[in-house]
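This report refers to the structure that appears directly beneath it.
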Amino acid sequence: MGGAERAEPLMVRTYIILRRYLNGMPAPAMFEVKEEWPFLFSQRGLFSHFGILTDVNILQKLQEALGQRGQTILHFCQKLDNPKIREFLASYDPEGSEKAACILQLLMVYFKEPTEKLMLEVDTCATAADVVNTAALPSTPCLIIQGDTMKPSGWMLSIEGQVVMGPHPFFLHGVAALFSSYYVFNLKYPVGSCTLEFIQRCFLGINPEKGSKAKKRSSINPHVSTLHRKLIDLEWSA
102 MGGAERAEPL
112 MVRTYIILRR
122 YLNGMPAPAM
132 FEVKEEWPFL
142 FSQRGLFSHF
152 GILTDVNILQ
162 KLQEALGQRG
172 QTILHFCQKL
182 DNPKIREFLA
192 SYDPEGSEKA
202 ACILQLLMVY
212 FKEPTEKLML
222 EVDTCATAAD
232 VVNTAALPST
242 PCLIIQGDTM
252 KPSGWMLSIE
262 GQVVMGPHPF
272 FLHGVAALFS
282 SYYVFNLKYP
292 VGSCTLEFIQ
302 RCFLGINPEK
312 GSKAKKRSSI
322 NPHVSTLHRK
332 LIDLEWSA
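Take 102 as the starting number for the sequence shown in my numbering and just add one per residue.
Here it is, written out as structure tokens:
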């Protein structure tokens, strides 16, 4: 049995201890968490803990959401009279572009959120050390994209200005890591982040009335609910 296979059952057994640690006041610094619980910063460890916390298989849910709703989002945006969205879609190649990357950025453009809120593009060969030494990383979780954001070659995740995961392939896994980190590490979304709330409600089906996030995210952002309703209407009329 490999290290990951041995570590995952241990993480399940120590779940309550870890939650108390992460929810402590004051909250532990991220470098301390990584030293104490290194497996939590692997994809397997992060997604497993998120699954126990929310009862959601995040990779499966994201894959299903993109399959069921990704094309609807593209069709909806193609009909909009929005110069920025049209400019963005002009660079999308259905044959060569990463669909998940396109959808994430389309949502940010639609909600008028600066992409640097959640994503940072770096050289395809950039290492974690290069990123820390040369990029202005936010304190909030940030998905660092190696190469073209429409055709990423890999991704890393930074939290509190430090690269804590990666580089790894598969962009959708990066989106899963980015979103999971907010729940697992008990972090608040950036102010006015509609994109993250859209992923939460419309892709993952996580409702604020359930779980530890209920008090923090009880009211639905009207921009998120409006887009969700329009997408449902478009699906029904198709």
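Ideal Cβ placement from N, Cα and C applies to all residues, glycine included.
Per-residue burial, residue i [other beta carbons within 10 Å of its own, 16 or more giving buried]
i	result
G306	exposed
F132	exposed
L111	exposed
V134	buried
N-terminal and C-terminal residue of the alpha helix (DSSP H) that residue i is part of
i	result
Q179	Q172 to Q179
S282	F272 to V285
E217	Premise fails: E217 is in no alpha helix (DSSP H) and is neither H nor E.
F132	M131 to E137
V233	A229 to T235
V325	P323 to S338
R187	P184 to A191
E298	C295 to F299
R121	Y116 to L123
Chain-order list of residues whose beta-carbon lies under 6 Å from that of residue i (same chain, five-residue window excluded)
i	result
P242	I260, L279 and S282
N158	G152
K185	V210
E298	N322 and V325
Y116	I153
E109	S149
Residue range of the unbroken beta strand (DSSP E) whose run includes residue i
i	result
S268	Note on residue identity: the sequence assigns Pro, not Ser, to residue 268. Segment Q263 to H269, the beta strand (DSSP E) holding P268.
W256	G255 to I260
E222	M220 to V223
Whether residue i touches residue j by CB criterion (8 Å)
i	j	result
M220	F142	no
V264	I246	no
L167	A202	no
E238	G262	The amino acid at residue 238 is misidentified as Glu; the sequence shows Leu. Yes, the pair counts as a contact, with Cβ atoms nearer than the cut-off.
L175	V276	no
S294	K218	yes
T296	L208	yes
F212	L332	no
H269	Q179	no
Cβ shell of residue i (< 7 Å), same chain only, five flanking positions each side left out
i	result
I300	F280
E199	M251, K252, P253 and F272
Q206	F189, T216 and T250
G171	K200 and I204
Same chain, Cβ closer than 8 Å to residue i, neighbours up to 5 away in sequence not counted
i	result
V285	L123, L141, L147, H150, F151 and L154
D231	V223 and D224
R120	L154
For residue i, the three-state DSSP class (helix, strand or coil)
i	result
I91	There is no way to answer for residue 91, as the model of the chain reaches only from 102 to 339.
L205	helix
V157	coil
K289	coil
P239	coil
M251	coil
M126	coil
E109	helix
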